[in-house]
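S.K.: Residue numbers (my numbering), protein chains in the order written: chain Y, 130 to 347; chain R, 2 to 53; chain Z, 9 to 254.
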């Protein structure tokens with residue numbers, strides 16, 4: 130399983146792996162927001178936690194089809210399916226690889242971009258925490274969506290349509306932690322719920338993703 | 002006979018209008034597709050009969 | 009009645025034969041109850057002292073919202089039946105129900121917004137209930153889109169039933185998240201249309217009739233659409249056989 134992980138990570142970082150694209154997209158979205166809503170610092174300050182969460186989420190979304198697409202196209206996915214690894218393990222490793230190569234950079238970039246949006250000082254820490262806690266859920270849920278649409282031509286849009294509604298609870302609680310943290314309120318409830326969602330999805334969703342992948346590989 | 006809707010006439014009437022229109026659309030679309038598929042299936046069944 | 013006998017109707021041919029007899033009755037009952045409920049509610053009930061004539065929207069909004077949820081629940085059950093017992097009629101019934109559920113959700117949203125405008129002063133408010141229905145609408149869209157995107161019938165049935173299962177969990181999660189999200193910001197300001205609180209008898213009875221009408225309308229439409237799906241599936245199988253023999 131470790132071999133699979135390192136392989137995926139190496140593939141992602143190599144040229145053509147699209148490594149920096151998620152980050153670039155995140156940056157562009159954040160730069161575009163003030164053009165859309167106006168440059169007033171006070172306004173940006175208020176919406177910064179939500180915008181940063183949304184930007185990270187969307188950047189995550191755009192890289193999801195990459196999880197299985199390349200392996201599907203060259204037949205490696207069929208090979209993996211016959212390997213002695215359980216499919217649940219394979220999809221979990223894939224999700225982990227996605228998190229390490231796509232989501233984690235976004236989490237680390239978020240505070241930097243927070244400066245552009247006038248994020249209030251106490252918000253930086255909570256933004257980091259909420260994203261660090263929430264993005265694994267985004268990767269795991271995204272892996273489920275990617276498994277559903279693997280092999281479909283034009284699967285990208287369908288993937289977004291399927292995954293975005295599933296992202297709603299994570300987004301709500303994650304952004305709530307970031308927002309309450311920025312305004313100095315108590316974050317325990319949303320934080321606990323966010324952690325619950327992440328743990329629940331990591332524990333249970335791989336079973337669904339594995340079942341879906343096996344169906345698609347028939 | 003029409004009740005006094007007063008200032009809410011717009012909201013109430015458009016609610017009924019939109020709802021009944023949507024119901025009409027789904028009923029009509031369902032019936033139309035049903036008829037189409039039924040005829041197409043009957044054609045294929047007829048063609049099959051002429052083979053056997 | 010032997011419950012095992014119910015599985016007999018899972019046979020496509022038997023299903024069509026049975027619904028041939030049952031459908032006209034269901035359809036007429038649906039029409040009767042719907043017309044009775046709506047006419048009664050619209051013409052023969054008084055105004056609410058708080059909401060004025062807009063209370064008449066309740067006869068559309070509540071039944072539609074109820075069916076929007078029930079349609080999804082039915083899809084969940086039939087998806088489970090497909091996963092466990094592989095009865096094709098079950099999978100096709102789920103596929104048939106989705107567009108109807110989606111339309112019910114739309115009606116609930118539209119009437120909710122139209123009711124909210126005079127009450128709250130805006131065309132749309134992110135009231136927890138309305139927002140949950142908006143999210144439910146997106147779930148319906150995704151489910152229908154997945155059916156349409158996959159060519160192989162059995163693969164489509166398998167994938168969509170898993171999506172329905174996973175989606176149901178997240179839909180429930182979203183409901184709580186949305187409640188938290190709105191109430192968390194505006195403590196106490198309840199914008200939701202409190203229909204369950206002491207709905208007076210004079211409104212309740214026509215509402216019951218309207219709910220029954222909507223429920224039977226849903227059943228009738230699902231029966232029609234499932235028959236269509238059964239026939240379409242048979243048609244595809246015959247066409248494939250024709251092409252192989254040619």
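For glycine and all other residues, C-beta sits at the position ideal for the given N, C-alpha and C.
Give me the DSSP bridge partner(s) of residue 56(Z).
M.R.: In the DSSP output, where bridge partners are listed per residue, residue 56(Z) has 60(Z).
S.K.: Note down the Cα distance separating residue 230(Z) from residue 152(Z), rounded to an integer number of angstroms.
M.R.: Computed Cα separation, rounded: 15 Å.
S.K.: Residue 107(Z) lies in the alpha helix (DSSP H); which residues open and close that run?
M.R.: Start and end: 96-128.
S.K.: Along the segment 332-346 of chain Y, where does the CB come closer than 8 Å to a CB of chain Z? Name the residues.
M.R.: The residues in question are 334, 337, 340, 341, 344, 345.
S.K.: Which complete alpha helix (DSSP H) runs does the segment 133-221 of chain Y hold, if anything under 4 residues is left out?
M.R.: For the segment 133-221 of chain Y, whole alpha helix (DSSP H) runs of length 4 or above, ordered along the chain, are 150-166, 170-191, 195-202, 205-211.
S.K.: Does any CB atom of chain Z fall closer than 7 Å to the CB of residue 297(Y)?
M.R.: With 7 Å as the cut-off, residue 297(Y) counts as an interface residue toward chain Z.
S.K.: Taking Cβ positions only, does residue 199(Z) come closer than 7 Å to chain Y?
M.R.: Because residue 199(Z) carries a pLDDT of 40, less than 50, the predicted location of this residue cannot be relied on, and the following value inherits that uncertainty. Cβ-Cβ to chain Y under 7 Å: no for residue 199(Z).
S.K.: Since residue 226(Y) contacts residue 315(Y) with CB under 8 Å, what's their CB separation in whole angstroms?
M.R.: Not confirmed; about 35 Å, so no contact.
S.K.: Give me the residue from 344(Y), 298(Y), 191(Y), 303(Y) with the minimum Cα distance to residue 160(Z).
M.R.: It is 344(Y) whose Cα lies nearest to the Cα of residue 160(Z).
S.K.: Can you tell me which of 219(Y), 202(Y), 322(Y) puts its alpha carbon nearest to the alpha carbon of residue 131(Y)?
M.R.: When only C-alpha atoms are compared, the closest one is 219(Y).
S.K.: Just to confirm before moving on: does the CB-CB distance between residue 126(Z) and residue 10(R) stay below 7 Å?
M.R.: Contact flag unset, no.
S.K.: Which residues of chain Y have a Cβ atom closer than 7 Å to the Cβ of residue 77(Z), listed in chain order?
M.R.: Simply none; closest approach about 16 Å.
S.K.: If residue 235(Y) and residue 302(Y) are in contact, beta carbons under 8 Å, what's the gap, nearest whole angstrom?
M.R.: Not confirmed; about 18 Å, so no contact.
S.K.: Is the beta carbon of residue 252(Y) less than 7 Å from the beta carbon of residue 310(Y)?
M.R.: Yes, Cβ-Cβ distance for residue 252(Y) and residue 310(Y) is below 7 Å.
S.K.: DSSP state of residue 242(Z), grouped into three classes?
M.R.: Residue state, collapsed to three classes: helix.
S.K.: May I ask you to report which of helix, strand or coil DSSP gives residue 82(Y)?
M.R.: With chain Y running from 130 to 347 in the structure shown, residue 82(Y) is simply not present.
S.K.: Report yes or no: do three or more beta-carbon pairs, one from the segment 205-221 of chain Y and one from the segment 332-346 of chain Y, lie closer than 8 Å?
M.R.: Counting Cβ pairs under 8 Å, three or more are found: they touch.
S.K.: Are the Cβ atoms of residue 111(Z) and residue 23(R) separated by less than 7 Å?
M.R.: Going by C-beta atoms, residue 111(Z) is nearer than 7 Å to residue 23(R).
S.K.: With DSSP as the reference, label residue 158(Z) as helix, strand or coil.
M.R.: Note: residue 158(Z) maps to coil in three-state DSSP.
S.K.: Please report the Cβ distance between residue 221(Z) and residue 42(Z), rounded to the nearest whole angstrom; I am assuming they are in contact, meaning their Cβ atoms lie under 8 Å.
M.R.: Correct: roughly 3 Å between the Cβ atoms.
S.K.: In this structure, does DSSP put residue 254(Z) in helix, strand or coil?
M.R.: In the structure shown, residue 254(Z) sits in coil (DSSP, three-state: anything other than H, G, I, E or B).
S.K.: In the DSSP assignment, find the unbroken alpha helix (DSSP H) run with residue 28(Z) in it and report its ends.
M.R.: Per DSSP, residue 28(Z) belongs to the alpha helix (DSSP H) from 20-51.
S.K.: Of the residues that make up the segment 138-157 of chain Z, which ones have a beta carbon closer than 8 Å to any beta carbon in chain Y?
M.R.: Going along the segment 138-157 of chain Z in chain order, one finds 143, 146, 147, 149, 150, 153, 154, 157 with a Cβ nearer than 8 Å to chain Y.
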